[in-house]
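Asks: Just add 128 to wherever you are in the sequence shown, counting from 1, and you've got our numbering.
Beta carbons: idealized from backbone N, C-alpha and C, even for Gly.
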Amino acid sequence: MPTHETLSERRLLEFMGGLDIIDCHEHLPPEAVRTSQPQDVFTLFSHYCRHDLFAAGMDRDTYCGLNVWGVSRPTYESLFDPALPLEQRWAVFQPWWEAIRHGSYARAAILTAKLVYCVDRIDDTTYHELSERIAAENTPGIYARMLGERCRILVALTQCGRMDVGSPLVPIMPAGMLADVGHRDAVERLAAGVGAATPADLEGYLAVVRQQVAAWTTAGMVGLKFMSRHYASPDPKAAAAAFRQAMDGHALPPEAQHVLQSHLTHALLDLCAEFDLVAAVHAGIWGDFRDIDCTHMLTLAPAHPQTDFDLYHLGMPSVREAIVVAKNLPNVWLNLCWTHIISQVQSRSGIDELLDQVPVTKVLAFGGDYGRPVEKVVGHLAMAREDYARVFGERIDRGLLGLSDAKDILKLWFRDNPLRLYRRLQVLQGK
Ligand SMILES: [Zn+2]
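(1) By the three-class DSSP mapping on this structure, what secondary structure does A407 have?
(2) Less than 7 Å between the CB of W466 and some heavy atom of ligand 1, yes or no?
(3) My output table needs one value for A284: the three-state DSSP class, helix, strand or coil.
(4) Among residues of its own chain, excluding the 5 on either side of K559, which ones have a beta-carbon nearer than 6 Å to its beta-carbon?
(5) Any heavy atom of ligand 1 within a distance shorter than 7 Å of the CB on H155?
(6) Within 10 Å of its beta-carbon, does E277 have 16 or more other beta-carbons around it, so buried, or fewer, so exposed?
(7) State yes or no: is the C-beta of D497 nearer than 7 Å to some heavy atom of ligand 1?
(8) Output yes or no for whether 8 Å exceeds the beta carbon distance between A360 and H378.
(9) Quick check on the DSSP output: what are the complete alpha helix (DSSP H) runs of length 4 or more inside the segment 496-534, in order along the chain?
(10) Just the Cα atoms here: how many angstroms apart are R526 and S136?
(11) What is the residue span of the alpha helix (DSSP H) that Y233 lies within?
(12) In the DSSP assignment, what residue or residues form a beta bridge with K353?
(13) Three or more C-beta pairs closer than 8 Å, one from the segment 229-238 and one from the segment 169-184: is that the case here?
(14) F354 and A303 - do their beta-carbons sit closer together than 8 Å?
(15) For the putative contact between A367 and L388, defined by C-beta atoms under 8 Å, what is the C-beta separation to the nearest angstrom?
(16) Provide the residue span of the beta strand (DSSP E) that contains H394, from first to last.
(17) So, helix, strand or coil for K559, using DSSP?
(18) Output the distance between the C-alpha atoms of F143 and P487, rounded to the nearest integer angstrom.
(19) So for E133, helix, strand or coil by DSSP?
(20) Could you check if P382 is buried or exposed, using at least 16 other CB atoms within 10 Å of its CB as the buried criterion?
(21) Would you call D151 buried or exposed, if buried means 16 or more other Cβ atoms sit within 10 Å of its Cβ?
(22) Let me check understanding here. Comparing Cα to Cα, which of L397, A342 and L243 lies closest to Q434?
(23) Mind listing, in chain order, the continuous beta strand (DSSP E) runs of no fewer than 3 residues lying wholly within the segment 130-211?
(24) Based on DSSP bridge pairs, tell me the residues matched to C279.
(25) Spell out the partners DSSP gives F494 in its beta bridges.
(26) Return the bridge partner residues of C465 from the DSSP annotation.
(27) Using only the alpha-carbon positions, how far apart do E481 and K535 sit?
(28) Whose CA, out of L334, A347, Q339 and G351, lies closest to the CA of P108?
(29) According to DSSP, what are the bridge partners of V460?
(30) Judging by CA-CA distance, which residue of N463, A510, R448 and V341 is the nearest neighbour of L147?
(31) Decide if the segment 536-547 is in contact with the segment 497-507; the criterion is three or more beta carbon pairs, one per stretch, under 8 Å apart.
(32) Closest to T345 by C-alpha separation, out of Y516, R317, A384 and D292, would be which residue?
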């Protein structure tokens with residue numbers, strides 16, 4: 129760890145190290161999914177590092193435009209093939225590591241190697257030892273050890289498309305599972321899952337959607353996940369026609385799809401208010417990020433004044449816009465999940481600017497945003513704490529903020545605000 133912090137930063141780091149926190153966003157699956165698969169050094173490069181590897185040129189020959197999810201990545205995927213010798217995989221990976229190892233995604237991996245596995249760097253001389261230590265740690269209880277013991281995480285809100293996640297994970301389900309009506313089969317399965325007959329029309333489908341949201345909520349779901357994009361205004365007539373078309377087995381043209389998805393999204397946002405669920409909203413970064421910019425919230429949030437919106441990732445790269453969205457709208461909170469590993473510099477300038485503009489009751493400090501590499505939450509959290517210590521420490525040193533006020537705000541952001549916003553968590557926590 130760096131040893132050149134100021135005294136104020138050290139005090140704040142010490143304070144944050146003793147704070148119980150709510151992890152406001154992960155993609156972690158049930159623990160058995162992780163422990164049933166072999167793990168090695170490449171576990172540390174799974175999830176977000178792949179995007180830097182891709183941008184650096186790995187699997188360039190499969191590049192087919194901006195669709196980050198549709199691209200096949202045979203070279204990247206081969207890094208995780210345990211049938212191939214570790215040395216062979218490392219030889220493929222090493223030149224690419226040189227290209228990405230100075231970025232924030234990589235820093236989380238390097239810090240995790242250091243903090244969790246006591247390996248000071250990741251290179252030709254350490255990858256064997258690191259692989260052995262990662263494999264040895266991959267046993268039942270790893271979630272409690274990484275999240276609970278090392279990070280003091282009381283609860284981690286996770287999105288993995290499953291409800292059976294197990295403590296300390298608490299599920300948020302994708303709204304798309306209900307709003308994106310593709311095919312009759314999927315509608316039949318959904319209806320059967322809640323014990324209903326296959327709906328004949330849109331009205332019937334909305335009843336099924338409501339039953340599903342109720343069932344998930346009873347089972348412990350605390351929010352639904354949306355995207356910050358342009359949705360058409362609700363249009364019952366056009367949406368009903370599109371639904372009928374889908375149920376007749378026709379592939380929906382894009383306009384009809386948009387009308388139906390928009391209509392159902394608005395209905396789901398109203399259900400969030402009714403069931404005391406939070407509408408978590410992704411904004412920014414992926415693909416053509418203009419389509420999923422945080423400024424779409426300026427239309428969406430006022431259209432649902434009773435719904436609470438948790439706007440993710442500080443809207444990166446539209447950080448300033450996200451801050452003003454939360455400044456202007458009383459039903460939008462800012463969630464700094466993922467941000468610290470996208471860019472620490474952008475996170476810190478964002479934190480500093482939002483302190484000027486947004487009530488301290490509307491900020492959520494941390495979400496690791498990882499799926500497979502649970503140990504990287506440790507590295508990510510260390511980076512988040514650095515960012516808060518730097519920004520708050522500088523304000524303290526300039527006489528703009530008192531130490532005890534700084535501690536109060538950090539406690540709000542890491543723990544109390546998430547518990548206030550996600551009211552169903554308090555029920556789960558028995559508070
Ligand atoms: Zn995420």
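Replies: On the basis of the coordinates in this document:
(1) Along the sequence shown, read from residue 1 onward, the residue named residue 407 stands at position 279. Correct three-state label for A407: strand.
(2) If you number the sequence shown from 1, residue 466 lands on position 338. Closer than 7 Å to some heavy atom of ligand 1: that describes the Cβ of W466.
(3) For this step, residue 284 is matched to residue 156 along the sequence shown. DSSP places A284 in the strand class (E or B) of the three-state scheme.
(4) Taking the first residue of the sequence shown as position 1, residue 559 is located at position 431. Its pLDDT being 47, under 50, K559 is placed unreliably by the model, and nothing is read from it.
(5) In the sequence shown, residue 155 corresponds to position 27, counting from 1. It does: the Cβ of H155 is within 7 Å (strictly closer) of some heavy atom of ligand 1.
(6) Position 149 of the sequence shown, counting from 1, holds the residue named residue 277. With fewer than 16 Cβ atoms within 10 Å of its Cβ, E277 is classed as exposed.
(7) Your numbering for residue 497 matches position 369 in the sequence shown. D497 Cβ: within cutoff of ligand 1.
(8) As a working mapping, residue 360 is identified with position 232 in the sequence shown. As a working mapping, residue 378 is identified with position 250 in the sequence shown. The criterion of a C-beta distance shorter than 8 Å is not satisfied by A360 and H378.
(9) The segment 496-534 contains these whole alpha helix (DSSP H) runs: 504-525.
(10) Here residue 526 refers to the residue found at position 398 when the sequence shown is read from its first residue. Here residue 136 refers to the residue found at position 8 when the sequence shown is read from its first residue. Straight-line spacing of the CA atoms in R526 and S136 works out to 11 Å.
(11) The residue labelled residue 233 in the question sits at position 105 within the sequence shown. Unbroken alpha helix (DSSP H) run through Y233: S232 to L243.
(12) The residue given as residue 353 occupies position 225 in the sequence shown. The partner list for K353 (beta bridge, DSSP) reads P302 and A408.
(13) Touching, per the Cβ criterion.
(14) Working through the sequence shown from its first residue, we reach residue 303 at position 175. Working through the sequence shown from its first residue, we reach residue 354 at position 226. Cβ distance < 8 Å, so A303 and F354 count as in contact.
(15) If you number the sequence shown from 1, residue 367 lands on position 239. If you number the sequence shown from 1, residue 388 lands on position 260. By a beta-carbon distance limit of 8 Å, A367 contacts L388. Their separation comes to about 5 Å.
(16) Start at 1 with the first residue of the sequence shown, and residue 394 comes out as number 266. First-last for H394: P382 to E402, but that is the alpha helix (DSSP H), not the beta strand (DSSP E).
(17) Start at 1 with the first residue of the sequence shown, and residue 559 comes out as number 431. Low per-residue confidence applies at K559: pLDDT is 47, beneath 50, and the placement is therefore not dependable, though the value from the model is reported in the following sentence. Note: K559 maps to coil in three-state DSSP.
(18) Your numbering for residue 143 matches position 15 in the sequence shown. Your numbering for residue 487 matches position 359 in the sequence shown. Answer to the nearest angstrom: the Cα atoms are 22 Å apart.
(19) Here residue 133 refers to the residue found at position 5 when the sequence shown is read from its first residue. Looking at E133 - three-state DSSP - the assignment turns out to be coil, as it is neither helix nor strand.
(20) Numbered from 1 along the sequence shown, position 254 holds the residue referred to as residue 382. An exposed status is given to P382, since fewer than 16 other beta-carbon atoms sit within 10 Å of its beta-carbon.
(21) Working through the sequence shown from its first residue, we reach residue 151 at position 23. It is buried - the Cβ of D151 has at least 16 other Cβ atoms within 10 Å.
(22) Position 306 of the sequence shown, counted from the first residue, corresponds to residue 434. For Q434, the closest of L397, A342 and L243 by C-alpha to C-alpha distance is L397.
(23) Qualifying beta strand (DSSP E) stretches, in chain order: 149-154.
(24) Reading the sequence shown from its first residue, position 151 is the one you call residue 279. None, per the DSSP bridge assignment.
(25) Here residue 494 refers to the residue found at position 366 of the sequence shown. Beta-bridge pairing links F494 to no other residue.
(26) As a position in the sequence shown, residue 465 is number 337, starting the count at 1. Looking at the DSSP output, C465 bridges to G495.
(27) Position 353 of the sequence shown, counted from the start, is the residue given in the question as residue 481. Position 407 of the sequence shown, counted from the start, is the residue given in the question as residue 535. Going from the Cα of E481 to the Cα of K535 covers about 18 Å.
(28) Residue 108 cannot be examined here, being either before or after the span of the chain that is shown, 129 to 559.
(29) As a position in the sequence shown, residue 460 is number 332, starting the count at 1. Beta-bridge partners assigned by DSSP to V460: F437.
(30) For the purposes of this step, residue 147 is identified with residue 19 of the sequence shown, where counting begins at 1. Ranked by Cα distance from L147, the first of N463, A510, R448 and V341 is A510.
(31) Put simply, the segment 536-547 does not touch the segment 497-507. Fewer than three CB pairs are less than 8 Å apart.
(32) As a working note, residue 345 is residue 217 in the sequence shown. For the residues Y516, R317, A384 and D292, the minimum Cα distance to T345 belongs to D292.
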